[in-house]
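In my numbering, the protein residues as written are 851 to 965. Ideal placement from N, C-alpha and C gives every residue a C-beta, glycine not left out. Treat the numbers as computed from the prediction; the structure is a model and nothing was measured.
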């Protein structure tokens with residue numbers, strides 16, 4: 851068996867597995883959409899008996915709007931946040947002077963202990 855045949859077999863094996871998973875995911879997606887549709891129709895019919903046709907459709911639309919807003923909020927909270935510029939606690943010159951003074955004292959103390 852040649853090297854190109856081995857590579858082709860390996861690639862076809864990996865791609866075949868990916869294609870099978872993609873097809874399975876697409877079929878599951880179709881089933882989920884059908885289930886959501888059926889649940890929506892059943893809920894609308896049940897609400898029409900109690901609330902009337904227009905109110906039932908408005909309630910179902912409100913539920914879908916709430917779900918869409920929740921999904922948008924999740925994506926909005928997961929967005930990439932800009933990195934902070936430096937350390938915000940050390941932004942002021944007065945604070946920098948204090949930090950340098952503390953570092954100098956600690957360095958002096960460490961050098962004095964070595965003697």
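When the beta-carbon positions are compared, residue 893 and residue 910 come within less than 8 Å of each other.
In the structure shown, residue 932 falls within a coil segment according to DSSP collapsed to helix, strand and coil.
Bounds of the alpha helix (DSSP H) holding residue 947 are 943-964. Taking 8 Å as the cut-off, the beta carbon of residue 897 is found no closer than this to the beta carbon of residue 885. Annotation: the continuous alpha helix (DSSP H) that includes residue 867 extends over 853-901.
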